[in-house]
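Mapping of the sequence shown onto this note's numbering: residues 1 to 575, in sequence order.
Using N, Cα and C, we set each Cβ at its ideal position, and we do this for glycine too.
Notes to accompany the following structure.
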Amino acid sequence: MFPALDADATARASALVGVALAYAPGEAVYLPFDHRYLGAPAQLDRAETVALLRPLLERASLAKLSADAKRDALAWHAQGVAVAGITFDTMLASYLVDPEQHGHTLPEVAQAELGVALTAWDVLTEKQRGSQRTLPEVALEKVADWAGRSAAAIREATETLGAKLRVHALMPLFTGLELPLAGWLAVIEREGVLLDLATLAELSKQAGEELAVLEARCRELAGGKTWNLASPRQLETVLFDELGLRVVKRTKTGRSTDHDVLEELAAEHPLPALVLEHRALAKLKGTYLDAFPRLVDAGGRIHTRYNQAVAATGRLSSSEPNLQNIPVKTAFGRRIREAFVAPLGALILAADYSQIELRVLAHLSRDAELLDAFRTGDDVHVRTAKALFDVEAAEVTREQRGRAKTVNFAVIYGQTETALARNLKIERAEAARYIEAFFTRYAGVRRFLDEVVREARETGEVRTLLGRRRLVPDLASSNRTVRFAAERVARNTPIQGTSADILKRAMVTICERMREARVESRMLLTVHDELIFEVPRDEQEPMTKLVRTAMEGAIALEVPLLVDVGCGPNWGAAH
1 MFPALDADAT
11 ARASALVGVA
21 LAYAPGEAVY
31 LPFDHRYLGA
41 PAQLDRAETV
51 ALLRPLLERA
61 SLAKLSADAK
71 RDALAWHAQG
81 VAVAGITFDT
91 MLASYLVDPE
101 QHGHTLPEVA
111 QAELGVALTA
121 WDVLTEKQRG
131 SQRTLPEVAL
141 EKVADWAGRS
151 AAAIREATET
161 LGAKLRVHAL
171 MPLFTGLELP
181 LAGWLAVIER
191 EGVLLDLATL
201 AELSKQAGEE
211 LAVLEARCRE
221 LAGGKTWNLA
231 SPRQLETVLF
241 DELGLRVVKR
251 TKTGRSTDHD
261 VLEELAAEHP
271 LPALVLEHRA
281 LAKLKGTYLD
291 AFPRLVDAGG
301 RIHTRYNQAV
311 AATGRLSSSE
321 PNLQNIPVKT
331 AFGRRIREAF
341 VAPLGALILA
351 ADYSQIELRV
361 LAHLSRDAEL
371 LDAFRTGDDV
381 HVRTAKALFD
391 VEAAEVTREQ
401 RGRAKTVNFA
411 VIYGQTETAL
421 ARNLKIERAE
431 AARYIEAFFT
441 RYAGVRRFLD
451 EVVREARETG
461 EVRTLLGRRR
471 LVPDLASSNR
481 TVRFAAERVA
491 RNTPIQGTSA
501 DILKRAMVTI
511 CERMREARVE
521 SRMLLTVHDE
531 LIFEVPRDEQ
541 EPMTKLVRTA
551 MEGAIALEVP
561 LLVDVGCGPN
571 WGAAH
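Written out as structure tokens, the structure reads:
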């Protein structure tokens with residue numbers, strides 16, 4: 001089954017131009033609906049044809065094969081069809097077999113699995129002079145050939161990828177987690193989340209005023225001259241020629257003024273820090289405050305797109321727009337969340353896993369100290385601070401706990417002492433001491449991480465608790481930098497990947513239980529380890545219980561999973 005859509009990347013709002021069905025090996029048919037150009041032949045009536053197809057598409061017992069189950073569900077929903085019975089998705093299967101092999105689009109899958117060259121959508125719609133056409137403007141015969149070959153490739157690739165899923169013991173993850181999740185993600189994308197445009201407008205105004213203040217201060221520090229803060233060349237001249245600051249790094253075109261350079265120079269002069277603050281606020285204003293109002297639908301809702309086959313660790317990513325990177329460490333960033341609101345009579349419910357990656361690490365490593373901390377409810381960051389600074393728990397300061405927290409997550413993400421030193425703004429030797437103190441306190445973690453790398457060298461892969469696979473061929477590289485990077489991947493993937501799997505399992509469970517309970521509540525967003533819902537006020541208590549129970553019971557670990565749940569009129573207030 002291969003729907004031919006007018007805009008390939010936006011299935012939720014795309015017109016259905018036609019559909020190709022591969023009903024037998026080497027056999028496919030194309031049903032055209034909406035090819036519009038001079039001389040276009042007579043075509044099928046879309047409404048009548050969809051009405052004829054609906055009973056087949058909605059019959060769960062009739063298996064359908066897809067190149068992107070979420071895309072197909074969105075496309076058919078736009079036609080009033082609740083497609084059911086999708087039993088295979090070549091994109092998700094390819095992603096599970098080797099998440100980093102390629103982009104997992106149908107042309108890439110067909111080439112890799114079948115040696116078949118399929119035309120990409122943007123190539124099909126490209127004019128000779130480089131401008132883009134819409135799909136209805138492309139000759140029907142050309143689209144029929146493209147769509148038919150695509151449908152046939154889905155059918156053939158299902159066989160090869162299905163065999164690989166079974167060989168690598170990935171079929172349970174595919175059928176039990178990723179494929180069901182695709183259907184629910186389609187529902188979440190359709191729902192969207194309500195935005196308070198007045199709040200965004202006020203924040204944009206305040207951000208503009210603050211940017212003007214920052215620009216004035218920057219110009220004062222540069223001697224009062226007028227210059228463009230957004231121009232790397234002008235900033236380079238101000239920093240190095242006029243202020244005489246040292247050159248940290250050079251590029252092919254001059255002296256670097258990137259983020260790391262400005263952070264390092266901030267210790268020598270106040271201007272670089274102000275430029276960084278200006279850059280961050282300008283990006284926030286342009287990316288969120290000014291862009292979001294242009295993206296809402298007629299009902300005032302904004303819809304993101306979840307990418308299920310991108311991150312090699314298994315995490316979901318968000319795009320068009322990206323709602324996962326809204327900053328939370330700045331006041332403006334936190335206030336943006338206040339613009340994500342519930343409609344009248346409802347609340348926003350936010351549920352966030354507490355320290356899930358450290359809890360997963362405790363389970364995987366079986367480290368006695370970590371296990372005891374989470375079983376007794378002790379503050380694991382305070383425990384680490386005790387080891388780093390040789391103090392009692394009662395003597396740990398807020399700053400020391402903050403540094404210990406950074407060290408804890410640095411270990412998870414495989415940071416070197418150089419990276420840790422840069423993050424904490426300390427000497428490299430001190431950062432090395434911190435890391436060594438961590439492993440002295442949590443000796444089981446060191447043994448676990450070393451064992452992960454050793455096994456990965458033998459098998460060429462690492463796995464999560466649910467069996468997600470990531471290949472690490474660079475562990476055998478003769479290049480020291482490449483090899484060390486592969487070791488970091490090997491250490492991090494079981495932790496971060498298992499955390500991602502747990503959240504996905506919780507999402508599927510919650511959505512299924514919400515359907516069974518026939519609640520009016522809706523899942524709106526997933527942001528890293530957090531799930532956000534729109535909940536009618538009279539469903540607040542049962543939904544809080546349902547969500548907490550499903551998230552905390554998503555998997556059995558040696559330590560308890562804890563979830564923080566909050567409710568409020570908006571996302572910001574729900575935290």
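Proximity of residue i and residue j at Cβ, strictly below 8 Å
{"i": "ALA339", "j": "LEU195", "result": "yes"}
{"i": "HIS528", "j": "GLN355", "result": "no"}
{"i": "ARG537", "j": "GLY345", "result": "yes"}
{"i": "ARG576", "j": "LEU170", "result": "Missing from the structure shown is residue 576; the chain here goes from 1 to 575 and no further."}
{"i": "ASP122", "j": "GLY192", "result": "no"}
{"i": "PRO32", "j": "GLY18", "result": "yes"}
{"i": "PHE533", "j": "ARG548", "result": "no"}
{"i": "ILE326", "j": "ARG337", "result": "yes"}
{"i": "ALA490", "j": "VAL445", "result": "no"}
{"i": "LEU135", "j": "THR119", "result": "no"}
Bounding residues of the beta strand (DSSP E) (the contiguous stretch that carries residue i)
{"i": "PHE33", "result": "From DSSP, PHE33 is part of no beta strand (DSSP E); its letter is neither H nor E."}
{"i": "PRO536", "result": "530 to 536"}
{"i": "LEU62", "result": "It is not in any beta strand (DSSP E) - LEU62 carries neither H nor E in the DSSP assignment."}
{"i": "LEU289", "result": "Here LEU289 belongs to no beta strand (DSSP E), and DSSP marks it neither H nor E."}
{"i": "GLU461", "result": "461 to 463"}
{"i": "LEU576", "result": "No statement about residue 576 is possible, as the shown extent of the chain runs from 1 to 575 and does not include it."}
{"i": "ARG250", "result": "ARG250 -> no beta strand (DSSP E), and no H or E assigned at all."}
{"i": "LEU56", "result": "Taken as a continuous stretch (DSSP letters only), LEU56 belongs to no beta strand (DSSP E), being part of the alpha helix (DSSP H) at 46 to 57."}
{"i": "VAL17", "result": "16 to 24"}
{"i": "VAL527", "result": "522 to 527"}
Residue interval of the alpha helix (DSSP H) (run including residue i)
{"i": "THR87", "result": "First-last for THR87: 86 to 89, but that is the beta strand (DSSP E), not the alpha helix (DSSP H)."}
{"i": "ASN492", "result": "480 to 517"}
{"i": "MET551", "result": "540 to 552"}
{"i": "ASN423", "result": "417 to 424"}
{"i": "ARG71", "result": "69 to 77"}
{"i": "ARG403", "result": "398 to 412"}
{"i": "VAL565", "result": "Careful: VAL565 lies outside any alpha helix (DSSP H), inside the beta strand (DSSP E) at 563 to 568."}
{"i": "TYR434", "result": "428 to 441"}
{"i": "SER204", "result": "197 to 221"}
{"i": "ILE372", "result": "The displayed chain sequence assigns Asp, not Ile, to residue 372. Element bounds for ASP372: 368 to 376."}
{"i": "GLY148", "result": "140 to 167"}
{"i": "ASP260", "result": "259 to 265"}
{"i": "ILE188", "result": "179 to 191"}
Residues of its chain near residue i, where Cβ-Cβ distance is below 8 Å and the 5 sequence neighbours each way are ignored
{"i": "GLU189", "result": "ARG12, LYS70, LEU74, HIS303, THR304, ARG305 and TYR306"}
{"i": "GLN79", "result": "LEU16, ARG46 and VAL50"}
Whole-angstrom C-beta distance between residue j and residue i, which should lie under 8 Å
{"i": "ARG155", "j": "PRO55", "result": "That belief does not hold up - the Cβ atoms of ARG155 and PRO55 are roughly 21 Å apart, past 8 Å."}
{"i": "ALA207", "j": "PHE332", "result": "6 Å"}
{"i": "ARG360", "j": "SER204", "result": "In the sequence as presented, Arg is not what sits at residue 360; that position holds Val. Incorrect: roughly 39 Å between the Cβ atoms, too far for contact."}
{"i": "ALA485", "j": "ASP474", "result": "7 Å"}
{"i": "LEU245", "j": "LEU265", "result": "5 Å"}
{"i": "GLN540", "j": "LEU347", "result": "6 Å"}
{"i": "GLY39", "j": "LEU62", "result": "With a Cβ gap of about 37 Å, GLY39 and LEU62 do not count as contacting."}
{"i": "ALA147", "j": "ALA4", "result": "5 Å"}
{"i": "ALA144", "j": "TYR288", "result": "Rounded, the Cβ-Cβ distance is 42 Å, inconsistent with contact."}
Close Cβ partners of residue i (< 6 Å) along its chain, the five nearest in sequence each way excluded
{"i": "VAL109", "result": "THR90, SER94 and ALA157"}
{"i": "ALA437", "result": "ALA387 and LEU388"}
{"i": "HIS381", "result": "ARG401, ALA404 and LYS405"}
{"i": "ARG255", "result": "GLU236, PHE240 and VAL247"}
{"i": "HIS102", "result": "GLU108"}
{"i": "ALA362", "result": "LEU370, LEU371, PHE374 and VAL559"}
{"i": "LYS164", "result": "VAL97"}
{"i": "LEU197", "result": "PRO293"}
Sequence-distant residues of the same chain with beta carbon closer than 7 Å to residue i, five excluded per side
{"i": "VAL508", "result": "LEU177, PRO180, LEU181 and TRP184"}
{"i": "LEU295", "result": "ILE302 and PRO321"}
{"i": "VAL275", "result": "CYS218, LEU229, LEU235 and LEU262"}
{"i": "GLY460", "result": "LEU471, VAL472 and PRO473"}
{"i": "ALA152", "result": "ALA22, GLY26 and ALA28"}
{"i": "VAL482", "result": "ASP474"}
{"i": "VAL328", "result": "ARG334"}
{"i": "ALA312", "result": "PRO99, GLU100 and ARG470"}
Residue i beta carbon near the ligand GTP (any heavy atom closer than 7 Å)
{"i": "PHE484", "result": "The ligand GTP is not part of this structure, which contains no ligands at all."}
For this session: Flag this pair as touching only if the region 433 to 448 and the region 512 to 532 have three or more C-beta atom pairs under 8 Å; answer yes or no.
Result: no
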